[in-house]
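Below: one structure, written as structure tokens.
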Amino acid sequence: MLGRIYSAADRFVQKHKLHALVDVSIFAIITFVFHELWWSFYGWLESFNFIIGSADWLAGKVYIISLWFNRNILGLEVLTSAPNTMWFSNGAFVAIDEGCSGLKQFYQVAVLFILFPGPWIHKLWYIPFGFFTMFLANVFRIVCLSLVALWIPQHWDFVHEWILRPFFYVIIFFLWVLWVEKFRRSGKLINAGIIE
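Its first residue numbered 1, the sequence shown is counted upward by one per residue in full-length UniProt numbering.
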């Protein structure tokens, strides 16, 4: 019964060339459901030492690299205070706590690519690649927030909430598009006998 329904749906998708729409729908559903589940169970997740310890560790690494970049590449004068806080010459600061660690995005990347169709052999390296990409995106985000805090502190909240927080989703979407174009679709074409 389910096999016939799946076959009929697959024929409909093939006939009307709806592969892209189906893929985007799967991406959107996984992303939305993950986001809702994460925030619904976040209080419970915080009760696990592993989760909080991982978030604190990750926040510390983001802080160290962002601080190094601000001082050594951008030449900013930065004072520091515990935990993970950078102070700038105008009195503004950027504090990196577990909420800024990027841990949620790591889990989101893992869940997305575990659930999204594609060859497992590529998932084994692509998911860690996604983690690394999200880590670099987070460092970039913190460096940008440092510059905003220093140069236009009156816009810090707006940039933090409405530009750089959604930036994570842009990166996740880019990773997903790359996955679909390079691995998912090529696997489908090989299995269909289109590519030798």
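Beta carbons: idealized from backbone N, C-alpha and C, even for Gly.
Residue burial classification, residue i (beta-carbon count within 10 angstroms, cutoff 16)
{"i": "Ile-5", "result": "exposed"}
{"i": "Asn-138", "result": "buried"}
{"i": "Gly-75", "result": "exposed"}
{"i": "Asp-10", "result": "exposed"}
{"i": "Val-22", "result": "exposed"}
{"i": "Lys-17", "result": "exposed"}
{"i": "Arg-184", "result": "buried"}
{"i": "Leu-189", "result": "With a pLDDT of 44 at Leu-189, under the threshold of 50, the predicted position of this residue should be treated as unreliable, and no value is reported."}
{"i": "Leu-2", "result": "exposed"}
{"i": "Tyr-42", "result": "exposed"}
{"i": "Tyr-126", "result": "buried"}
Span of the beta strand (DSSP E) around residue i
{"i": "Val-159", "result": "Neither: Val-159 is in no beta strand (DSSP E) and is coded neither H nor E."}
{"i": "Ala-82", "result": "Note, Ala-82: premise wrong, no beta strand (DSSP E); not H, not E."}
{"i": "Val-94", "result": "93-95"}
8 Å contact criterion, which residue i and residue j should meet: CB distance rounded
{"i": "Val-111", "j": "Ile-172", "result": "Not quite, the Cβ-Cβ distance comes to about 11 Å (not below 8 Å), so this is no contact."}
{"i": "Ser-66", "j": "Ile-142", "result": "4 Å"}
{"i": "Ala-28", "j": "Glu-98", "result": "At roughly 27 Å, the Cβ-Cβ gap does not stay under 8 Å, so Ala-28 and Glu-98 are not in contact."}
Option in the options with minimal Cα separation from residue i
{"i": "Lys-61", "options": "Ser-25, Phe-135, Glu-77 and Leu-164", "result": "Phe-135"}
{"i": "Trp-57", "options": "Ser-101, Phe-132 and Phe-168", "result": "Ser-101"}
{"i": "Phe-132", "options": "Trp-156, Leu-150, Tyr-107 and Gly-53", "result": "Tyr-107"}
{"i": "Phe-69", "options": "Ser-146, Leu-45, Phe-34 and Arg-184", "result": "Ser-146"}
{"i": "Thr-85", "options": "Glu-181, Val-180 and Ala-149", "result": "Ala-149"}
{"i": "Pro-153", "options": "Ala-59, Phe-41, Phe-88 and Asp-97", "result": "Phe-88"}
{"i": "Phe-34", "options": "Leu-124, Ala-59, Lys-104 and Asn-72", "result": "Lys-104"}
{"i": "Gly-130", "options": "His-155, Phe-174 and His-160", "result": "Phe-174"}
CB contact below 8 Å: residue i versus chain B
{"i": "Ile-171", "result": "Of the protein chains in this structure there is only one, and it is not chain B."}
Alpha helix (DSSP H) segment containing residue i, residue limits
{"i": "Gln-154", "result": "No alpha helix (DSSP H) holds Gln-154; DSSP gives it neither H nor E."}
{"i": "Gly-75", "result": "First-last for Gly-75: undefined, no H or E at that position."}
{"i": "Val-24", "result": "19-40"}
- Message: Taking contact to mean 3 or more Cβ pairs, one atom from each stretch, closer than 8 Å, check whether the segment 81-94 and the segment 111-127 are in contact.
- Response: The segment 81-94 vs the segment 111-127: no contact.
- Task: Decide if the segment 45-55 is in contact with the segment 117-126; the criterion is three or more beta carbon pairs, one per stretch, under 8 Å apart.
- Result: Contact between the segment 45-55 and the segment 117-126 is absent, because fewer than three Cβ pairs lie under 8 Å.
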